[in-house]
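**Student:** In our numbering, the protein residues as written are 155 to 353.
Note that beta-carbon positions come from the ideal geometry of N, C-alpha and C, so glycine has one too.
Pasting a structure here, questions to come.
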DNA sequence: CTGCCGATTTAC
DNA sequence: TAAATCGGCAGA
């Protein structure tokens, strides 16, 4: 497994958000690998986007990570109980990122199932399987992604994204776009078609 | 220090 | 449809 390199993340944020679909988020966790295929993303671009935490150049302890160079992780805590994981994009000083909103687990199922539901994967209902990691908070729970993984360099070996996993097929897919979820407060930005997902 | 709000999820 | 649950942030 070869992590995507730094230059991959220094590009245009919308292009990266689309291109991350079908790639694999890899997390080394207690001697195992938890791996999920990315199925849904959203772009956030501070300069022009009222939904971005760093809109208008806002700097706070939390948003500092968004100004890092592309390829860093941005993990934040939300609604008192969930984490969301982003990939920081563009050059240092530019606040932009891609939120990972959906995964299809391809490795580490048993461990992920314990993390997500406290159950062995054999015990899961159809509904639980369907809802396993199809949301930003859910996938962070399934992969044990917490604030400890904020501002981690995804060009490292323990937590990264790659385009191929040995023994795992890369199915063809079509990309769809839509408005982003859960940002009704963001005025004109709420309609930007910056959500991308595999049909 | 106080009070409101949130890039969500789940239960009712 | 609404509760859960608490850190982040702005304003006093």
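Please identify the residue among 192, 160, 165 whose C-alpha is closest to the C-alpha of residue 318.
**Tutor:** With distances taken between Cα atoms, residue 318 lies closest to 192.
**Student:** For residue 221 and residue 202, what's the separation of their Cα atoms in angstroms?
**Tutor:** The straight-line gap from Cα to Cα measures roughly 15 angstroms.
**Student:** Entirely within the stretch 237-272 and at least 4 residues each: give me those alpha helix (DSSP H) ranges in chain order.
**Tutor:** List check, alpha helix (DSSP H) in window: 263-271.
**Student:** Going by DSSP in three states, residue 296 sits in which element: helix, strand or coil?
**Tutor:** Residue 296 falls in the helix class under three-state DSSP.
**Student:** Within 10 angstroms of its Cβ, does residue 337 collect 16 or more other Cβ (buried), or is it exposed?
**Tutor:** Buried: at least 16 other Cβ atoms inside 10 Å.
**Student:** Between which residues of its own chain and residue 291 is the CB-CB distance below 6 angstroms, once the five residues before and five after are set aside?
**Tutor:** 236, listed in sequence order.
**Student:** Rank 177, 296, 170 by C-alpha distance to the C-alpha of residue 323 and give the top, closest one.
**Tutor:** Selected option, being the one with the closest Cα: 177.
**Student:** Unbroken beta strand (DSSP E) runs of length 3 or more, entirely within the stretch 179-205: which are they?
**Tutor:** Listed in chain order, they are 186-199.
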